[in-house]
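Have a look at the structure below, then the notes.
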Amino acid sequence: MWTVPRPKYRSGLNEEKLTVNIGGVKVVLYGDDLKRYPDSRLAELANCSTQNVELLSSLCDDFDPGRNEFYFDRDPDSFKCIIDVYYFDEIHIKTGICPICFIKEMEFWKIDQSVLDECCKSYLSEKEQELREIANKVKVILEDMDVDQCITRTQRCQRFLWKLMEKPGSSLPARIVAIASFLSILVSAVVMCVSTIPELQVTDAEGKLVEHPTLEAIETACMLWFTAEFLLRLASSPNKLRFVLSIMNIIDFMAIMPFYVVLSLTYLGTTSMMELVNVQQAVQALRIMRIARVFKLARHSSGLQTLTYALKRSLKELGLLLMYMGVGIFVFSALAYTMEQSHPETLFRSIPQSFWWAIITMTTVGYGDIYPKTTLGKCNAAVSFLCGVIAIALPIHPIINNFVVFYNKQKVLETAAKHEVELMELKSGRQARRKSDE
Amino acid sequence: MFMLPQLKVIMEKSSELNKAGSRSTSSLPPEPVDIIHSKSCYRRVRLNVGGLPHEVLWRTLERLPRTRLGKLRECSSHESLMEVCDDYNLEENEYFFDRHPGAFTSILNFYRTGKLHMMEEMCALSFSQELDYWGIDEIYLESCCQARYHQKKEQMNEELKREADNLKDREGEEFDNTCCAEKRKKLWDLLEKPSSSVAAKILAIISILFIVLSTIALSLNTLPELQGTDEFGQSTDNPQLAHVEAVCIAWFTMEYLLRFLSSPNKWKFFKGPLNVIDLLAILPYYVTIFLTESNKSVLQFQNVRRVVQIFRIMRILRILKLARHSTGLQSLGFTLRRSYNELGLLILFLAMGIMIFSSLVFFAEKDEEDTKFKSIPASFWWATITMTTVGYGDIYPKTLLGKIVGGLCCIAGVLVIALPIPIIVNNFSEFYKEQKRQEKALKRREALERAKRNGSIVSMNLKEAFARSAELMDVVVEKSERPQDNHLSPSHWKWTSKRAASETSSNRSFNAQELGSPCEARATSPQRLNVEKLEEMYSQMAKTRSQPNLNAKDRGSRAGKQRDEIELGTIQNHGPLALGVGDMKSLSSIDSYISCATDFQENPRFPHSPAPELGLQESSRFTFGPATGLSQHNSTKVGQQLLGQYESMLTSVSKSTCSENPRKFFFSGNSSKSLKGGCCSDGDSGPSPLSDSSVLSDHSLLSPEVSVYTTASSRTPPKSPESTAVAPTVFTFHDSSISKYIDADTDDDEHLRDNNEASPSERLLASASPKRSINIHYQRGTNHLEAAQKMLGQNCLFPTEGIRGKTHGNHIGPEMTRRPKVERGRQNPLDKSL
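So the protein lines, in turn, are chains A and B. Numbering (our numbering) for the first sequence: 1 to 438. Numbering (our numbering) for the second sequence: 439 to 1272.
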């Protein structure tokens, strides 16, 4: 048919009209509009002849030949949004419709997701992200639940150990283990601090201050506990590689390692395979590593985990904070240095030295070890203090926001996952029953 | 469409002619045959939910046969249909449900797609009620919407719980069973409720002044210029200031003692945190006096002095007495108590930071000449002062490494402290708002109490009493295991309400038994795992019918917990129930009514069952006595009129047609002409679906209204057996969680204004903004009544007396004519061709 091209405005009568009834809402559509998306359900409907009952019934739910009306048993609200694609080539989700639900509707109408506009896509992806997180949680819960799948005895032992060490909520012994490990972390941290008090130290044969023997004994005991814990975890973990790579376990390892290194070094030192001075220096350096054990607390506190998560998510803002601070420090320390040059007894001897002053001023700590003495310098200090407050306050807000959002979300996800598991149980239970009925 | 059978043939032939045919004008229900025929004719069904038409395949509805819509397909008689839907029209194949249309869209989509999502703007609570009504378990909600839903719901539950706690506290202040209760009550009000009178306000201000004065004196006392020296060369108090101190303490002591004497519950008073503070503020003074007097010249004077010094420090606690007079301070205390989780987090963060940075700086500064970082504990101080950005400057790092650590410490400190603070702040602001709101509500409540005491109100609030008791059941029931300390004697219950309650309770428990038996029969329900529990509960309920005093409380709590199961269970009931006790949703609330009603009956032997008693105390205020001058308002009149009408109806019924379903009479009685005349003066302000809540509140108000009628009716002396049978049926039209709405309303429940001109929209506004809601209640009362009547009129069955029947047509007419008539009588050809 290559007759005269049709006028842009429809004559009405000659047009191929299609009346659809979507869950009670009637819409009149025009065939050539629909055919712009030939894969979609409505286009197929427009193409298919009314005589082909078989095909027709697969496409729509009901057909009224008298009025040439096709009935679809679908949500009319979503359809009103979806029909936009034929006119505007893009779809916007009406506010109020759950995007996941909307995507299902789009699938029914056989319209590709790509026509969804960007503004709604971000919303959708947000929801999908949430769903994924819930799914992860559900997976963890389900993993905990299926206990009896292990066949061999060793496997069962492994599973039992794993639950004992990793899931404090699973049983009373597991809880006790968790509390014991928490206490040992605290004790070892306290011991580490206390052992540096000069009054509590004893002088050894060479007149050097060394740790008190009792404190050292406690330290050794804690270390043995940590080691045992770590090894048990390692032995019982179902996936060794994942275990080794996880951050918490690396921290554990860092907390244990210095002790053994120091032990071996002193052994080497006494057997004079190495020089004693070197050994002592190395030991000193390794002592700092002991601080890592404080981070072990993170395993027992969801708040700390949230903190690390939030910080990880807001790395960009942290960078911004550091950049603001860095710029401020440079500018104000240089200014302060030049302004204070006129004073004969200035405390600002060089620019790098006045960095320290700038940091302390900008964070409003203000030790008072270095302070400006000239009037100009004082003005500069006031400005730098103000700028410091602003520079810290601005980027810190998104970080805090991240933290709060994660903190609140944690709780919500927890309940959502639980309900999801319940739902799954319900469904599986019903299926099982249906099968048994049959 | 309801037609006489002989007309039926004609009607089918020329259905066009009968457009205006409304079911209620003709008087007979359609035959089951007609219903089945109509259902088999169409593949689709039109559902009209709150005015919004939907069209759906029967096949789709059959996917969930146990839900309300699923049941619709099974219904083959008029009665069973009316239990499922509110109205129907076979001619147009249309079924009407008087529910919120917004939620229904998502619910219908659940049938279509099998996925239950929730509209974004929908309130979670209202959605859950809709789910209850349509018989869908909330567990089917998809996880993307579930998080939001449950969060909101938990929050709401918490709030309700707190509200109930508050209510309990307030209701606990009962002055009975002891001497001079009247005076003590007055004194208590004077001392504890500064807003109750001018004198109380002045007293509160004086009290504040004394607190401030004593604190100032305490501080001035330590100025060396004002101190004198005693014979031992020690500095002593300035004599003038000592006098001030003595006066202040005398005042505090008097205040405390008066409070203690007038308090209704001594132990509770003693335990209260504010009173503990008071005691702590007074005690040190007396202990000091005692110690110095008794040890004037004894040897261990130095030791005594030291003890005295400690007690002097404790005097500073009196500044906390200000908390009694400041909402802000109280909510600060509450916030700290509530957000101890976050506070713990803050302290944990700080502790970790301090530990890490102090050890780092210790290792960095260790080798410096005369360093102040001598050990890690010594550098804790530095780390704390740096992380909190105080920076005294008594210790500061000197090496380069130490300075780098110091800089990091500053920034980390700022971050770490800032993080958990917003959560605490959020808690605080939430609480503060809540506190303010409650203060206002309290004031209004007190105004009402006063008015009642003056005799200016004789309350028609029985419905609210019922509503509140039901609501409390919902909330308190969960904690009823907890031992209660407010032993309240029910001896002051007014006999009328008590008797009424007990009578209705017998009706209801009878009803419950009727309901219970079918549920037991279906014990093998596949829907839920804990059917056994349900069964057990029902059998227990049946037991308690015969011995109502037996663990009613326990049962009540069960009823609360098992609500979902009950609903699910009842939904399975396909056929019509024997006694016309149909509506599934009403079951659960009947339960709560029963449990509170049976508790009405139970006697002082059960002094600790909090909820029902509270309900009773509420209701005890509301008597049916003859209304006096001022308090008389329209709704009372209407109520009485109605009552009278109803009574006469009932008696006539019992004489003439005992076999008829009493429900019909009941409803027709309600909507009879004379009553309409009584309250139709504001007929144009009838309930219109302005928004969800107005519609819902109309709904929700049905039940208490109705319960007023029932209690009233069963109270009347010439009681016929039929009248008891009425009671259960009236619960048919309300839904399970009504009571919550009513509680929301009862905040503004007090007020005397003979004004009927308020429309539901105004009421809506009033409940939305507490400021506006002063003295709204009376309008509301009438509105409710009217709304209830309209509802009843719409829902009513065929009146046996033709005269009354005419009034119904008015209500149904507009609803029906609004429907487009296109579909009417249409056959579906595709049906045949396929």
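Just so you know, even glycine gets a beta-carbon here, dropped at the ideal spot from N, CA and C.
Quiz prompt | Residues bridged to A:Leu116 (per DSSP) | solution = Looking up residue 116 of chain A in the first sequence gives position 116. A:Ile91.
Exercise. Reducing DSSP to helix, strand and coil, say where B:Asn486 ends up.
Key: Residue mapping note: residue 486 of chain B aligns to position 48 of the second sequence, counting from 1. In this structure, B:Asn486 counts as strand in the three-state DSSP scheme.
Self-check item: chain B contact residues for A:Pro198, given Cβ-Cβ distances below 8 Å
Solution: Numbered from 1 along the first sequence, position 198 holds the residue referred to as residue 198 of chain A. Lys812 and Ser813, listed in chain order.
Quiz item: Do the region 73-85 of chain A and the region 535-553 of chain B touch if we need at least three Cβ pairs shorter than 8 Å?
Solution: yes
Quiz prompt | Near-chain A residues of the region 844-867 of chain B (beta-carbon distance less than 7 Å), N- to C-terminal order | solution = Gly845, Cys848, Ile849, Val852, Leu853, Ala856, Leu857, Pro860 and Ile861
Practice problem: Give a yes or no on whether the minimum CB-CB distance between B:Leu839 and chain A is below 8 Å. | Solution: Numbered from its first residue, the second sequence carries residue 839 of chain B at position 401. So no, B:Leu839 is outside the interface.
Quiz item: With distances taken between CB atoms, is the gap from A:Val365 to B:Gly791 smaller than 8 Å?
Solution: Start at 1 with the first residue of the first sequence, and residue 365 of chain A comes out as number 365. Start at 1 with the first residue of the second sequence, and residue 791 of chain B comes out as number 353. It is not a contact, given that the beta carbons lie outside the stated cut-off.
Quiz item: From which residue to which residue does the beta strand (DSSP E) around A:Asp64 run?
Solution: Here the question's residue 64 of chain A lines up with position 64 in the first sequence. Its beta strand (DSSP E) spans residues Asp62 to Asp64.
Exercise. Check the Cβ of A:Thr227 against every Cβ in chain B and list those closer than 7 Å, keeping chain order.
Key: Numbered from its first residue, the first sequence carries residue 227 of chain A at position 227. Within 7 Å Cβ-Cβ: nothing; A:Thr227 doesn't reach chain B, min ~22 Å.
Practice problem: Output the distance between the C-alpha atoms of A:Leu18 and A:Gly66, rounded to the nearest integer angstrom. | Solution: For this step, residue 18 of chain A is matched to residue 18 along the first sequence. For this step, residue 66 of chain A is matched to residue 66 along the first sequence. Their backbone Cα atoms lie some 13 Å apart in a straight line.
Exercise. Find the residues of chain B that neighbour A:Phe403, judging by a C-beta separation of less than 7 Å, and give them in chain order.
Key: Residue mapping note: residue 403 of chain A aligns to position 403 of the first sequence, counting from 1. The answer, in chain order, is Leu857.
Practice problem: Verify whether the separation of the beta carbon atoms of A:Phe348 and A:Ile329 is less than 8 Å. | Solution: Residue 348 of chain A sits at position 348 when you count from the first residue of the first sequence. Residue 329 of chain A sits at position 329 when you count from the first residue of the first sequence. For A:Phe348 and A:Ile329, no; Cβs fall outside 8 Å.
Quiz item: Under 8 Å, do B:Tyr533 and B:Ala562 count as touching if we go by C-beta distance?
Solution: Position 95 of the second sequence, counted from the start, is the residue given in the question as residue 533 of chain B. Position 124 of the second sequence, counted from the start, is the residue given in the question as residue 562 of chain B. Against a cut-off of 8 Å, the Cβ pair of B:Ala562 and B:Tyr533 comes out as no contact.
Self-check item: Minimum C-alpha distance to A:Leu286 - residue among B:Asn741, B:Gly766 and B:Leu798
Solution: For the purposes of this step, residue 286 of chain A is taken as residue 286 along the first sequence, with counting starting at 1. Out of B:Asn741, B:Gly766 and B:Leu798, B:Leu798 has the C-alpha closest to the C-alpha of A:Leu286.
Practice problem: Examine chain B for any beta-carbon lying closer than 8 Å to the beta-carbon of A:Tyr337, and answer yes or no. | Solution: By 1-based counting over the first sequence, the position of residue 337 of chain A is 337. Closer than 8 Å: no.
Exercise. Classify B:Tyr526 as helix, strand or coil using the three-state DSSP reduction.
Key: As a working mapping, residue 526 of chain B is identified with position 88 in the second sequence. Correct three-state label for B:Tyr526: strand.
Quiz item: If we ignore side chains and look at the alpha-carbon of each, how far apart do A:Met323 and B:Phe801 end up?
Solution: Your numbering for residue 323 of chain A matches position 323 in the first sequence. Your numbering for residue 801 of chain B matches position 363 in the second sequence. Each residue's alpha carbon lies about 28 Å from the other.
Practice problem: Could you tell me the distance, in whole angstroms, from the CA atom of A:Glu126 to the CA atom of A:Ile291? | Solution: By one-based count along the first sequence, residue 126 of chain A stands at place 126. By one-based count along the first sequence, residue 291 of chain A stands at place 291. When rounded, the distance between both Cα atoms is 38 Å.
Quiz item: Is it right to say A:Met257 is buried, meaning 16 or more other beta carbons lie within 10 angstroms of its own, or is it exposed?
Solution: As a first step, residue 257 of chain A is located in the first sequence; it is residue number 257 there, counting from the start. The residue in question, A:Met257, is exposed, as its Cβ has fewer than 16 Cβ neighbours within 10 Å.
Exercise. Please state whether DSSP places A:His343 in a helix, a strand or coil.
Key: For the purposes of this step, residue 343 of chain A is identified with residue 343 of the first sequence, where counting begins at 1. Reduced to three states, the DSSP call for A:His343 is coil.
Quiz prompt | Check whether B:Ile861 and A:Tyr407 have beta carbons under 8 Å apart | solution = As a first step, residue 861 of chain B is located in the second sequence; it is residue number 423 there, counting from the start. As a first step, residue 407 of chain A is located in the first sequence; it is residue number 407 there, counting from the start. Closer than 8 Å, so yes.
Practice problem: Would you mind telling me which residues of chain A sit closer than 8 Å to B:His475, beta carbon to beta carbon, in chain order? | Solution: Taking the first residue of the second sequence as position 1, residue 475 of chain B is located at position 37. Near B:His475 there are no residues of chain A at all, since even the closest Cβ is about 19 Å away, more than 8 Å.
Practice problem: Run down chain A in chain order and give the residues with a C-beta less than 7 Å from the C-beta of B:Glu803. | Solution: Position 365 of the second sequence, counted from the first residue, corresponds to residue 803 of chain B. The premise fails here: B:Glu803 is roughly 12 Å from chain A at the closest Cβ pair, so nothing lies under 7 Å.
Quiz item: Below 8 Å between beta carbons: does that hold for A:Asp33 and B:Arg482?
Solution: Numbered from its first residue, the first sequence carries residue 33 of chain A at position 33. Numbered from its first residue, the second sequence carries residue 482 of chain B at position 44. Contact flag unset, no.
Quiz item: Which same chain residues, not among the five before or five after B:Leu758, have their C-beta less than 6 Å away from its C-beta?
Solution: Walking along the second sequence from the start, residue 758 of chain B turns up at place 320. Answer for B:Leu758: Ile715, listed in chain order.
Quiz prompt | Of the listed residues A:Phe332, A:Cys379 and A:Thr374, nearest to A:Trp357 (C-alpha basis) | solution = Start at 1 with the first residue of the first sequence, and residue 357 of chain A comes out as number 357. Closest option to A:Trp357, Cα to Cα, is A:Phe332.
Quiz item: Got a sec: is the Cβ-Cβ distance from B:His763 to anything in chain A below 8 Å?
Solution: Start at 1 with the first residue of the second sequence, and residue 763 of chain B comes out as number 325. No, because no Cβ of chain A sits closer than 8 Å to the Cβ of B:His763.
Exercise. For my contact list, A:Glu90 and A:Asp117 are in at a C-beta cut-off of 8 Å; report their separation, rounded to the angstrom.
Key: Counting from 1 along the first sequence, the entry for residue 90 of chain A is found at position 90. Counting from 1 along the first sequence, the entry for residue 117 of chain A is found at position 117. That belief holds up - the Cβ atoms of A:Glu90 and A:Asp117 are roughly 5 Å apart, short of 8 Å.
Quiz item: How long is the line joining the alpha carbons of B:Arg484 and A:Gln431, rounded to whole angstroms?
Solution: Here residue 484 of chain B refers to the residue found at position 46 when the second sequence is read from its first residue. Here residue 431 of chain A refers to the residue found at position 431 when the first sequence is read from its first residue. If I take the Cα positions, the gap works out to 31 Å.
Practice problem: Spell out the partners DSSP gives A:Thr19 in its beta bridges. | Solution: By 1-based counting over the first sequence, the position of residue 19 of chain A is 19. Looking at the DSSP assignment, A:Thr19 forms a beta bridge with A:Val28 and A:Glu69.
Quiz item: Applying a beta-carbon distance threshold of less than 9 Å, which residues of chain B neighbour A:Arg74?
Solution: Position 74 of the first sequence holds residue 74 of chain A. Within chain B, the residues near A:Arg74 are Asn547, Arg550 and Thr551.
Quiz prompt | Close beta carbons around B:Asn865, own chain, < 6 Å, minus the five adjacent residues each side | solution = Your numbering for residue 865 of chain B matches position 427 in the second sequence. Thr773, Arg776 and Ser777, listed in sequence order.
Self-check item: Residues from the region 503-533 of chain B in contact with chain A, defined by Cβ distance under 7 Å
Solution: none
Quiz item: Which residue comes first and which comes last in the beta strand (DSSP E) that contains B:Tyr533?
Solution: Walking along the second sequence from the start, residue 533 of chain B turns up at place 95. It spans Glu532 to Phe535 - the beta strand (DSSP E) in which B:Tyr533 sits, taken as one unbroken run.
Self-check item: Where the region 103-127 of chain A meets chain B: residues whose CB sits under 7 Å from a CB there
Solution: Lys104 and Lys127
Practice problem: Please classify A:Thr203: does DSSP put it in a helix, a strand, or coil? | Solution: Residue numbering aside, residue 203 of chain A sits at position 203 when the first sequence is read from its first letter. Strand at A:Thr203.
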